[in-house]
Structure formats: C-alpha cells, structure tokens
Amino acid sequence: MSARAGSPDFPGILRDSGLVALVALFLAFPLVGFHTIDQGGGAGMGIETRFPWVVVAVAAAFVGRFLQLALLRTHAPVAVERSLSRLGEVFQRNTVWIAAAAITFAIVLPMLPFADRRLVDLATLVLTYVMLGWGLNIVVGLAGLLDLGYVAFYAVGAYSFALFALHFDFTFWMALPIAGLFAAAFGVLLGFPVLRLRGDYLAIVTLGFGEIIRIILLNWYPVTRGPNGISDIPRPSFFGLEFTRRPAEGEVAFHEFFGLEYSGLHRIVFLYYLILALALITNLFTLRIRRLPIGRAWEALREDEIACRTLGINPTNTKLSAFAIGAMFGGFAGSFFAARQGFVSPESFTFVESALILAVVVLGGMGSQVGVVIAAIILVGLPEWFRDLQEYRMLVFGGAMVAIMVWRPRGLIAHRDPTVRLGVPQRPEPSA
Amino acid sequence: MIESGDRVPLLDVEHLTMRFGGLVAVNDLAFQASDREITAIIGPNGAGKTTVFNCLTGFYKPTVGRLTLRRDGTEFYLEQMDGFRIAREAGVARTFQNIRLFPRMSVLENLMVAQHNTLMRASGFSLAGLLGLPRYTRAEREALDLARFWLDRVNLTDRADWDAGNLPYGAQRRLEIARAMCTRPVLLCLDEPAAGLNARESYELNELLIDIRDRIGIGVLLIEHDMSVVMQISDHVIVLDYGRKISDGDPETVRNDPAVIRAYLGTEEEEELPEEVAEDLPPEMVRALRSFEDRPHEEDGH
Ligand SMILES: Nc1ncnc2c1ncn2[C@@H]1O[C@H](COP(=O)(O)OP(=O)(O)O)[C@@H](O)[C@H]1O
Ligand SMILES: [Mg+2]
C-alpha cells in the first residue's frame, strides 16, 4: 500500500503530530481539564478536575493527525476526492431527474408509513434551512457578497409578522408579503454602507449588522418586549380554515370542513407543505433569475467588478438588488418561523444561526441549488436526528466540516452550468 | 495635425492632467480621435498611456482636463461621469492590459453580460423576464445573435460554452475585444491588445481592428508596444513620454520624428542600438535611429 510520492516521511509526520498534540493540550487543559459542578445544598458552584480526559484528548489529537498524515494523505483523500467528483458529475448530468425525484419524495414524505410527527417536524426544520440557504445563495453564491449577518433578515421577517399580528391582527398570509418587503428594505439598508467593501471587510460589517438587529430586538423593550419575546402569534390557516379542535364562533376548522377526525398532525403536515412550497418558490425564482440579465450581472459582479463597470453595469444597484432579494427570502422564512413557533424572541437569531446558514451554502457548493439541500440535511437534519447523542453530534458536525474543507474546499457540488448555451457542437473543454 | 479636416472629432481631450501625489502621470495632454480611424497611443513603459485610458473610462478623476465625447449630436463630458455611465451612455468600451474576463462564466455569457443594459430594459427590470413575456424573449434572441456575430468574428464559436477562464491566452484577448464590441460602443479603447500574442494571432488582431474601423465604423484608441502593428494599422499616432505628448501625426511623420526615436528607445550618446531591439523594429526606424546615433547631440539642454 505505498503512497503516490513514495513512502511517507515518518520523522516529519511525528513532528507534525507532536505539534498538533501540543495545540490540543493547550486547548484541552482549560476546556476539558476543568469542569464546573453544582455542589448542591447551597454550596454553589465547584470546580472538578478531570485530567485523564485531557490525556485522552491529546492522545486522540496525536493519533488522529498521525493517521491522517501517514495513511489518509496517501490514498484516502484521492479516493474520496475522486468519488466525490464523480458524484458531483452524476449530479450535474442528472440534475433534472434528481430534482424531480427529490421533489416527489418531499411531497409524499408525510404520507409514508414511517413518517411520524418527529420526522415531519424535522423535515420542516431542514426545509427552513434549505429555504434560508437558497435565499442566502443569491447573495453569497451568485453575487459573491459574503454575508455573515443573514439571520438579521430572518429576524426582521419573524418580528414583522409577530408585531403586525400583535398590533393589527394580521394573519400569516397578510403579513407574509409585508415581512418580505421589510426584510428587503433592511437588505438595502445594510447594502448601502457596505457597497465599497469586499471579502473579509464585508463579512465583518454584515456580522456586525446581524448583531445590531439582535441587540435592538433585545433592548427595545416597549416595541419588541425584549428578551421575553412575543408570544401568541396566530397560526397560519389553510385558505381561512383554522387548525383547531374547536374553532371560534362562526368559523370552520380544517378537520370539520374536510370531515376528518381532529388530529394535531394536520397542522404539522400543513406547516411542512407550507415551507416546502415557500422553499420551492425560492428555488424557482433563483433558477429563473439566474438566466435573466440581473442574475448574470450578479455573477459577473462576483467575477470582476471592474470589468462590469466598463460594460455599463451599475454596481451599486446590482449589489443592492442582490441584498434586497436575498433578504426578502430570509424575511419570508422568518415569518414562517414565527408562525410555526407561535413565539419569537431574540434568542433565535444569534450569530450561530447565520454561521449555520452560511455553512449550508458553502458546504453545498456556492451557487449550487442541489448542494444546499444536501448540506442542509447533513448539517441540520442529521445532528437533530441524533440529538440523543448530545454533544457528540457537534463533534461530528465539526469533523464533517473539516473533512469537507480539506477534501472539497469548493463545496460538495462545485459545478456551475452556464445560464445559456449556443447550441452548436463544442470542442472538448480542458477541465479546470 | 488632424487630417480629418472639418469633421467634428469623436473624442476631444484637452489639458488632461493626472497627478498621483507628487507624480504627474499625464501632463497637459491634448489630442483628438475620430470615428473610422485607429488612433494609436504609444510611448515607453510608465509614460502614462494606461492612465489616459483610466481617465477616459472613469476609473480616475482627472486632476485637470476636459474629455468631450460626441455621440449622436450630444456632448458627454467624460471627466464628470461615473465609469458605468461612460460605458452605457457615452458608448466608450475598453479592454485591459491584463485581461479582465469573467473567468467562471461561459464565453457566451461574457458576451451576454456585455449587453446587460439593453436586456435589462427589455426584461422590464426583470419583471417581464420573470414572466417570460415575448418582448424579453425577442430581446434575448437579438442579444444572442449579436453575440453569435462576434463569436464568429473572433473565431470562438466552437468554444462558446467553455468557461472563459479555460480559453488559451490569445483567445481570451479576442474574447475581451468581442465583449467590448457587444456593448455597441462608439469608441473602443484597447490597452495593449497584442501583448503576448504570437505572430499569427497578432496578424489576425490587425485584421480584426481594421474590420472594426472600416465596417463597424467606430473610433478605435489603441495602446500598443509593437511598432510594426502601430505602423501598419493606425491612421494617427500620439506619442507620450513622461506624461507629455511629444509627437502627434500620421505614422510616417511620427516614425521620422527625432524626439520620438530618442524617447522611445531612451538613447544616450554612448548607447548603441542593440541587435535584439533592432530585430523588433521596422527597418525604417532602425535606419533613422542609426543615423540619429551618428549625428552629434543637438539639444542637450537640461
Ligand atoms: N493609481 C496610481 N497611483 C499612483 N501612481 C500611478 C497610478 N496609476 C499609474 N501611476 C503611475 O503613473 C505612471 C504612468 O503609468 P501608466 O499609465 O500605467 O503607464 P503606461 O501604461 O504608459 O505604461 C507610472 O509612473 C505609474 O506608476
Ligand atoms: Mg500600461
């Protein structure tokens, strides 16, 4: 089992592994070595040491790095890389079929025998992130604007619905377009100051923007009720039919109208279809707009802003439109979130949420619609499903992220199809 | 100096000065360019040629100067306009010394992006496009036709669906010119388009530029190092040195201008014309230069 480049350089590998172990030691000593415990009986908090764990962590880091360098570096990545590339190719060749199969599966999912409440709930959650990923993909994947504060628009959407419902008795369907508009307006608001920024600088400012929104929600007590949040948000109805056991005077409930036995599952399934529809609209919109001049201008802007200028493209308007439209879908998803939970509070809109949405986009392969779905299942669905394993799921989450960044830095599906083809036979293209 | 006689020039540059801190990159430059003409701007490295283009296309705001472009009877003062408006309204297109394509978009998409403004209008700022209304479909078909025309013209039709970044160097240069032409400009500014091309590609480029001049009928501003290209295809040559214009006229006049020869080759008294340089120059120039070396230095005033 010899390597591509001869036998591995063992002293070098040992040195490297030693270094990694040292870093692990520094990290594990404070993080793992000490553990706060509740001493009970009013004695307050105490500290317990668990140094054997530190040893385990350091040893794991050493062995892991050693194995990675000695074995994986030689064959596994090549094999993994190749099979992932092949997988990507299969996807790109059969996008239509895969999309059709996935959509069909999504539609019949709640009717399948194994679909219990937990699974449908989980699928709803995953689809929320798919929608958010698709929305953010417009900004990050197409326009190339690294946005670390996307959750702000999610929050704006959620609070728009919550507040309009609270003060003006708006229903979900009335509030949905307003939530989108508000979020889009905030997108433009964020867009203006960051027009001249790029890359890391843009990321930092958008991150700040996300935090500003959250902190305003937390502190503007008279309007947002601060950390207490807003509860009793009305649930969405099915064309005016409520999902309640006993509807209010003069109204008809869903189960009555259809002559069904009342079941709590109806609403769960309805919410699932609602987010499925919203996500599919987001996807259709993106697929369509990519082929329009504005979508091409976004991609061109990502590629080379200076060249865009010389072609008469107004970079300001083009960027703002990307921010606004991306934000709008975040806003739609936000009002869905509020409707599903019936409760919103600033806690739901922390930076971690932005990071997770961005991870879905980056991991999936920037600009790839199918990639977002796969990444959402891996990053949101699996950890949630394996909740019983508690913190280990985060470990796996981290491990998966590292593995993908090592082996597929451009995301799971990095392929990009041209938005228009000439339709004449082409010479074979050298692969990039 | 301007042979076009009573014709109104397409571009009129007056008193153009561009300072970067203490450095004067362009110094009180004046020149004109006409449609149906290739105007070459030549000069040693660092003479300020690219800076002139950057002023014309709105990347730099000139320290002093008036840049007037006449299109359909309207005068545009380029020094007051944003870069994208210069391209969109005044119709000035350019290429870059180091190619700037959209590398991860296809060749055809590069040409479609160049028609952004026409298509954007036709798509009703995306609404008609989202709904797939016929007026947008028609506009898109026309845009594809124009792209197709230029693809054929620069010989890239059989690579239209490639990523632009995968094209070989010479093809990338041609694509950049085609992309600029797809904006339907009245003035095309080319920054060293022949740099890095082999002899055959360079010949094809000349043909392309002559074709653009004669058949499309627009004005071409050309920055070029290769003297043979300049002498063969330009109608009018402007020579810059340290940001100043030192000569202006038809190729014949400029070629024989001693100031040009001295500046262009930076000849000092003791310097001989090296053989490698002589090989790259047109024979007339070598002759002029050699005779210049033999002459005693006339004006050596500092
Ligand atoms: N943005 C800038 N800032 C400072 N100096 C510049 C800038 N752009 C060009 N220059 C200077 O102006 C002079 C002319 O440059 P340039 O126009 O690129 O020359 P050319 O294209 O003729 O080779 C050079 O000395 C260059 O260093
Ligand atoms: Mg230059």
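Quick mapping for you: the protein sequence lines, in order, are chains A and B.
Each residue of the first sequence is one higher than the last, beginning at 12 in this note's numbering.
Each residue of the second sequence is one higher than the last, beginning at -10 in this note's numbering.
Glycine residues also receive a C-beta, built at the ideal position from the N, C-alpha and C atoms.
Closer than 9 Å to chain A by CB, residue i
i	result
L(-1) of chain B	no
T28 of chain B	no
V209 of chain B	no
A22 of chain B	no
N144 of chain B	no
F73 of chain B	yes
M170 of chain B	no
H105 of chain B	yes
E98 of chain B	yes
T46 of chain B	yes
M7 of chain B	no
V2 of chain B	no
Min CB distance residue i to chain B below 9 Å
i	result
R320 of chain A	yes
T430 of chain A	yes
G323 of chain A	yes
D315 of chain A	yes
A16 of chain A	Model confidence at A16 of chain A stands at a pLDDT of 49, short of 50, so the residue's coordinates are unreliable; what they give is reported in the following sentence. No, no contact with chain B.
I300 of chain A	yes
I424 of chain A	no
L25 of chain A	no
E310 of chain A	yes
Q103 of chain A	no
Cβ-heavy atom distance, residue i to ligand 3, below 8 Å
i	result
N34 of chain B	This structure does not include ligand 3; its bound ligands are ligand 1 and ligand 2.
Residue i - DSSP class collapsed to helix/strand/coil
i	result
A29 of chain B	strand
M70 of chain B	coil
H46 of chain A	strand
S28 of chain A	helix
Q437 of chain A	coil
C178 of chain B	strand
F91 of chain B	coil
K50 of chain B	coil
R8 of chain B	strand
T361 of chain B	A query on residue 361 of chain B cannot be resolved here, the shown segment of chain B reaching from -10 to 291 and no further.
D246 of chain B	coil
D152 of chain B	strand
D298 of chain B	Because chain B spans -10 through 291 in this model, residue 298 of chain B falls outside it and cannot be assessed.
G121 of chain B	coil
G159 of chain B	helix
Q21 of chain B	strand
E59 of chain A	strand
R43 of chain B	Note that residue 43 of chain B is Asn in the sequence shown here, rather than Arg. The answer is helix: DSSP assigns N43 of chain B an H, G or I state.
D399 of chain A	helix
S236 of chain B	strand
E257 of chain B	In this prediction, E257 of chain B scores a pLDDT of 47, lower than 50, which makes its location untrustworthy; the coordinate-derived value is nonetheless stated afterwards. The answer is coil: DSSP assigns E257 of chain B none of H, G, I, E or B.
V209 of chain B	strand
Residue nearest to residue i in terms of C-alpha spacing, selected from the options
i	options	result
D24 of chain B	B:H4, B:L58 and B:V228	B:L58
R93 of chain B	A:P429, A:F62 and A:P436	A:P429
V435 of chain A	B:E241, B:D141 and B:S217	B:D141
V(-3) of chain B	B:P33, B:G37 and B:E64	B:E64
G23 of chain A	A:F45, A:L42 and A:F77	A:F77
L200 of chain B	B:M170, B:I227, B:G47 and B:A79	The question names Leu, yet the displayed sequence has Asp at residue 200 of chain B. The residue with the shortest Cα to Cα distance from D200 of chain B is B:M170.
N148 of chain A	A:S379, A:A425 and A:N239	A:S379
L177 of chain A	A:H426, A:F354 and A:G55	A:F354
G75 of chain A	A:V31, A:A113, A:R97 and A:Q50	A:V31
R207 of chain A	A:A290, A:D180, A:F102 and A:L157	A:L157
A188 of chain B	B:V218, B:R202 and B:A167	B:V218
T321 of chain A	B:D1, B:F9, B:S115 and B:Y49	B:Y49
E26 of chain B	B:L12, B:L(-1) and B:V13	B:L(-1)
task: Run through the region 295 to 344 of chain A for me and flag every whole beta strand (DSSP E) of 3 or more residues, listed as ranges in chain order.
output: none
query: Taking one C-beta from the region 171 to 187 of chain A and one from the region 124 to 138 of chain A each time, how about it: are there three or more such pairs within less than 8 Å?
result: no
task: Kindly provide the ranges of any alpha helix (DSSP H) runs that are 4 or more residues long and lie completely inside the region 201 to 258 of chain A, ordered along the chain.
output: 210 to 230 and 232 to 235
- request: Count the C-beta pairs between the region 266 to 284 of chain A and the region 61 to 78 of chain B that are closer than 8 Å, then say yes if the count reaches three, no if not.
  value: no
- request: Identify every run of the alpha helix (DSSP H) within the region 153 to 204 of chain A, keeping only runs that are complete inside it and at least 4 residues long; order them along the chain.
  value: 162 to 179
- prompt: In chain order, which alpha helix (DSSP H) runs of at least 4 residues are fully inside the region 111 to 136 of chain A?
  reply: none
- request: Decide yes or no for the touch test of the region 130 to 148 of chain A against the region 276 to 288 of chain A: beta carbon pairs closer than 8 Å, at least 3 of them.
  value: yes
Stretch-stretch touch, CB-based, cutoff 8 Å, three pairs: the region 369 to 377 of chain A with the region 246 to 261 of chain A: no
- request: Assess, as a yes-or-no matter, whether the region 198 to 218 of chain B is touched by the region 171 to 183 of chain B under the definition of 3 or more beta carbon pairs within less than 8 Å.
  value: yes
Cβ contact (3+ pairs, closer than 8 Å) linking the region 118 to 132 of chain B and the region 215 to 231 of chain B: no
query: Is it a yes or a no for the region 229 to 239 of chain B touching the region 21 to 36 of chain B, going by three-plus beta-carbon pairs under 8 Å?
result: yes
- request: Assess, as a yes-or-no matter, whether the region 383 to 397 of chain A is touched by the region 365 to 372 of chain A under the definition of 3 or more beta carbon pairs within less than 8 Å.
  value: yes
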